[in-house]
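Only one structure is covered here, and it is reproduced in the block below.
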Amino acid sequence: MCHVALALLLSATTASGQENLAATATATASNARDGYVPANAVDGVISDESRWLSHSGRKAWLLMDLGVPKRVTVAHVFTGYQDASAVRSFDLEYRSEDGWELIPGGRVRGNSQTRLVVEFTHPVSTSAVRFVNRDPSQVARVREIALYEDASVAIGTGLADRSRGNRPEIDPTRHLVVVNQVGYQTSWPKRFTAPLSPDGALFAIRESNNERSLFRGVVRNGLGDFTGFRPADGDVEFLIEVSGKGLKSAVSDPFSIREDLYQEQFWQAAVDFMIDSRSVVGTHPSAYGGSAWRDGTYYDFVVPSLVLLYLSDPEFVESMPKQLDWHYDKKRILSKDFQFDAKTPHSDGVLDAARGYYADLEPPHPGAPDVIKLIHWGLGYYLLKPASKDPSGDPEPWKVQGQTVEQFAFLLWAWPRLELDRWLDKSFYDRCQAFVSKHWEESGLLENSKWWDPATYQSVSDLMGPNPMGGYLHPYKGRHAPGHSILPNLLMYEVTNRSGLPNSERYLHAAQKQTEWLIKNIDWNDPRSTKGHRMSEHKTVPGLVWFLQNYPDHAPPDLPGFIEKWAQVAVSRSNNMWDFRRFDLGEHWTIPKLNEPGNLAGFPACALSASWVVKDPELVKRLRQLAVAQFDNLFGRNPIQAAAPGHPENGFRLVERGWPKLYPKNVCARIELCRGALCASPGSEMYPLDIDGKFRHPEGWVNFNAAWNVGLAYFAWDQYGRAPFHNGKTRIRTDR
Ligand SMILES: [Ca+2]
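Residue numbers in the sequence shown follow our numbering, run continuously in steps of one, and reach 740 at the last position.
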């Protein structure tokens, strides 16, 4: 648990033999890059800025002249850049009467640690130590080298560590109070984590500018619950102070409590993201992956997520500011001066599709909500360019993918409910209907996908390895959530019935067949069947609930028990101080290797929909707590105490600390600076509380934000009771 930070804090006073002998050394080197002088390696600062950098391809050494002979027993060697590129092979040598000699125990090979303790097998007395890079193919990147006489000295003693970016400090003598930095919804579960606090520590809630306590409680198992605190809506911010049980008191970040906080704080950012990340016409004139959204793919679910968001509160969506101007964009894209950036993967045909969209289709009504204009853009683009291929190692060939086709069902189904004749031309509906009729069956949506079968999944220990089925990173990439076509088939069942089209029964039969297959073949205890699908789990459980609620007489009889079993497994994996739904109860808190904020963002759709059909009131209560807690995690209630957006200034004004490790700007899909981008969340390496744990890949993804839209929609449905179940009746539960 947070070993390095604790060690640093406990070593504030320097014992005998624990001085850094390199601090007063004079450093010289074989060579150095401009600005990265040898003295940087002994300036007492561990940082990327204060490094010594050698030229590549040359023998490189760094000499630390101690002036007079000193006894040295251990070296602390800080190398690399950010969390990687440690110097792989080096020798530590000392100056003897006969010249340079290897220090016993000073030979390092195959190193990948950016913070390395090199303890000598025999101490040396010497007036100089030399670091010699033994891999000429690698630039020597040396942030700092410290030398000590006492081998037991804690790593980094006497040094200022600025390599950790925005990582928080942890003071083991104080309580630590970790909250959702944006805040909590008044009528929902409200919980925080106090990871260092013993049971029985007291907490008090107050306004940030007032000392008076408004609510009190007790911390148990590292958790505090203030669900019972329900202040009237106002503009004040609140703090939680935890005290007692032998630790100094501490206060949380400020946060809001409001009835409609998610809608007030998140919906605009969610829509802004989809505006900015559009391929070609958004904030960057490129199309990484060749989809309608940059870095999107056939399984990205953007269009359905926007339909669900609109359905969950039509009045609010229609009241949001209108930013999109179809005619302005048309003029821009059709101009011969428009500069499309075709360098990103799968850009062939993209500009033609974008221009075709503006040239061939009837525009949306100028007064339509941005959400409708985005849906029109997405499906309109796919009408012009239906075939696609995922650029990241997917064995599926270039074709019209079923998960592209099924997105159309959401619009067709929602058309009369949302009275879309107000905003879109009937010709658009007809083209979408014709597209579905042409491609539904041939793209496999009436069948069970082979990729749902756990026999095709990579093992947890070898997820990057070869897969006999050819599915790179399957299921962890999230391409084929089991039963993803169940809900689309049910929607088409309603659409065809409504329209008097033939063969409506085949959609219902497909949904039944697919559901029965899942019940028979999917074991929720296998974590790969649930959270293993990364941000796509929200396609599975909510679809099953939809079936049960809308067509109870047609649903397989085992379906209620199957959903309840999913809920029980989810709850059983969440019994920890973060209320965090883990991947497994072994070493994996999150899915192995990969970045998964989309899983947090989409989880509420699973938990809340399941809560509408399970019977046990305790299970319902816990599912609602977990739905909120995964959103809390996304906004800072996690071991690194940081929210998922890397640039919270773009749409998240209440966030105190965005994600500390940033993805480079202006590369790949250019998602980083889109408003509303969710970038990263802690991996297993940071749980339960290791603030020095390794960062995972911090790149945002349109799929994460699509999952967030779905999570937001389900929160709104639950809150406002407007879920489109029971054939249009508005209540989602009859017993609440
Ligand atoms: Ca330095």
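Backbone N, C-alpha and C fix where the C-beta goes; we use that ideal spot for every residue, glycine too.
Item: Which same chain residues end up closer than 7 Å to N26 when comparing Cβ atoms and leaving out the 5 residues on each side of it in sequence?; Value: Looking at the sequence shown, residue 26 is not Asn but Ala. V46, M68, I149, A150, L151.
Item: Going by beta carbon distance, what residues of the same chain come within less than 6 Å of S367, once the five residues before and after it are set aside?; Value: Residue identity differs from the one stated: residue 367 is Pro in this sequence, not Ser. Cβ within range, chain order: W330.
Item: In this structure, how does DSSP classify P108 when only helix, strand and coil are distinguished?; Value: strand
Item: Compute the minimum distance between the beta carbon of V409 and the heavy atoms of ligand 1, and state whether it is under 7 Å.; Value: no
Item: Relative to the alpha-carbon of T28, which residue among A36, L163, T77, S116 has its alpha-carbon at the smallest distance?; Value: L163
Item: Inspect the beta-carbon positions of R661 and A647 and report whether they are closer than 8 Å.; Value: yes
Item: Thinking C-beta only, is P601 closer than 8 Å to A514?; Value: no
Item: Return the bridge partner residues of I209 from the DSSP annotation.; Value: F219, I244
Item: Give me the residue from D583, T287, A631, S613 with the minimum Cα distance to P643.; Value: D583
Item: Looking only at its own chain, which residues have a Cβ that is under 8 Å from the Cβ of P289, when we skip the five neighbours before and after it?; Value: F342, Q343, F344, D345
Item: Is the Cβ-Cβ distance between I50 and S167 less than 8 Å?; Value: yes
Item: Name, in chain order, the residues that DSSP records as bridge partners for T130.; Value: K74
Item: Comparing the C-beta of A681 with each C-beta of chain B, is any distance below 8 Å?; Value: In the structure shown, chain B does not exist; there is a single protein chain.
Item: At a cut of 8 Å, does the segment 203–212 reach the segment 675–692 through at least three beta carbon pairs?; Value: no
Item: Assuming Q462 is part of the beta strand (DSSP E), what are its boundary residues?; Value: Per DSSP, Q462 belongs to no beta strand (DSSP E) and is neither H nor E.
Item: Quick one: any contact between the segment 526–545 and the segment 455–468, if contact means 3 or more CB pairs under 8 Å?; Value: yes
Item: Beta-carbon within less than 7 Å of V121's beta-carbon, same chain only, minus the 5 sequence neighbours each way: which residues are those?; Value: V78, H80, I159
Item: Under the assumption that L251 contacts Y188 (Cβ atoms under 8 Å), give the Cβ distance between them as a whole number of angstroms.; Value: Contact doesn't hold; Cβ gap of about 24 Å is too wide.
Item: Suppose the cutoff is 6 Å on Cβ atoms and the five residues either side in sequence are ignored; what does the same chain contact list for P203 look like?; Value: Before going further, note that residue 203 is Asp rather than Pro in the sequence given. Excluding positions up to five away in sequence, the list reads R224.
Item: CB of I244 to nearest heavy atom of ligand 1: below 7 Å?; Value: no
Item: Which term fits P193, buried or exposed, when burial requires 16 or more other beta carbons within 10 angstroms of its beta carbon?; Value: buried
Item: Flag this pair as yes or no: are the beta carbons of D154 and G39 separated by less than 8 Å?; Value: no
Item: Is DSSP giving I159 helix, strand or coil here?; Value: coil
Item: Relative to the alpha-carbon of A681, which residue among E498, P692, E451, T287 has its alpha-carbon at the smallest distance?; Value: T287
Item: Ends of the alpha helix (DSSP H) at L310?; Value: 306–316
Item: Can you list, in chain order, the residues of its chain with a C-beta nearer than 8 Å to that of L227? Leave out the 5 residues immediately preceding and following it.; Value: R195, F196, T197, A198, M581, D583
Item: In whole angstroms, give me the CA-to-CA distance for K249 and G536.; Value: 40 Å
Item: If you draw a straight line from the C-alpha of E23 to the C-alpha of F94, how long is it?; Value: 24 Å
Item: Use the C-beta contact count for L743: other C-beta atoms within 10 angstroms, 16 or more gives buried, fewer gives exposed.; Value: Past the boundaries of the shown model lies residue 743; the chain is included only from 5 to 740, so the question cannot be answered.
Item: Please tell me whether K669 and P702 are closer than 8 Å, where the distance is taken between their beta carbons.; Value: no
Item: On a CA-only basis, which of S396, P399, A391, L365 is nearest D429? Give me that one, please.; Value: L365
Item: Exposed or buried, what is R282 when buried is set at 16 or more other beta-carbons lying within 10 Å of its beta-carbon?; Value: buried
Item: Count the CB pairs spanning the segment 135–142 and the segment 86–102 that are closer than 8 Å, and state whether there are at least three.; Value: yes
Item: Any idea what DSSP makes of F82, helix, strand or coil?; Value: strand
Item: With a CB to CB cut of under 7 Å and the five nearest residues on each side skipped, what residues in its chain are close to W417?; Value: L495, E498, V499
Item: Compute every distance between the C-beta of R119 and the non-hydrogen atoms of ligand 1, then say whether any falls below 7 Å.; Value: no
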